[in-house]
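Visitor:
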Amino acid sequence: MGTSLKEKIASLPPERQARIKAETAHLQATYMTLKELRRAHDMTQVHLAKQLGKSQVTIAQMEKRTDLLLSTLRHYVEALGGRLDLVVQFPDQAPIILKQLNDEIGSDK
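Numbering (the numbering used here), first residue to last: 57 to 165.
(1) Mind checking whether Arg94 and Glu134 have CB atoms under 9 angstroms apart?
(2) Here's the rule: buried if 16 or more other CB atoms are within 10 angstroms of the residue's CB, otherwise exposed. What is Tyr132?
(3) According to DSSP, is Ile65 helix, strand or coil?
(4) Please report the straight-line C-alpha distance between Pro151 and Gln145, rounded to a whole angstrom.
(5) By the 10 Å Cβ neighbour count, where 16 or more other Cβ atoms means buried, how is Leu72 classified, buried or exposed?
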């Protein structure tokens with residue numbers, strides 16, 4: 057039988073294992089679903105629903121959707137205590153944060 061990934065990682069030098077662990081944690085933190093994000097902040101659907109003035113069923117539906125309005129997503133994130141930034145990335149350019157989609161910026165419409 058072959059070597060498992062866990063066994064392979066365990067055979068690496070400690071500094072390499074630490075880098076793998078750190079990168080894994082970064083990737084897991086970077087790619088969360090709404091449900092995982094809510095759970096990571098120790099919040100139930102019921103509590104989040106109360107914060108947003110919505111029903112628990114509405115929160116469950118939001119967490120299953122793959123297409124949300126940015127304003128809905130922003131309110132969801134803010135109810136968890138965070139801030140939503142929309143970042144545009146092009147090859148060979150630094151990331152660009154779109155400011156006009158943030159309510160904190162004045163109305164430049």
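For each residue, glycine too, the CB sits at the ideal point set by N, CA and C.
Guide: Taking the definition as stated:
(1) Here residue 94 refers to the residue found at position 38 of the sequence shown. Here residue 134 refers to the residue found at position 78 of the sequence shown. Not in contact: Arg94 and Glu134 (Cβ atoms no closer than 9 angstroms).
(2) In the sequence shown, the residue the question calls residue 132 occupies position 76. Classification for Tyr132: buried.
(3) As a position in the sequence shown, residue 65 is number 9, starting the count at 1. Three-state DSSP puts Ile65 in a helix.
(4) As a first step, residue 151 must be located in the sequence shown, where it is residue number 95. As a first step, residue 145 must be located in the sequence shown, where it is residue number 89. Here the C-alpha atom of Pro151 lies approximately 5 angstroms from the C-alpha atom of Gln145.
(5) Here the question's residue 72 lines up with position 16 in the sequence shown. The residue you asked about is not Leu; residue 72 is Arg in the sequence shown. Under this definition Arg72 is an exposed residue.
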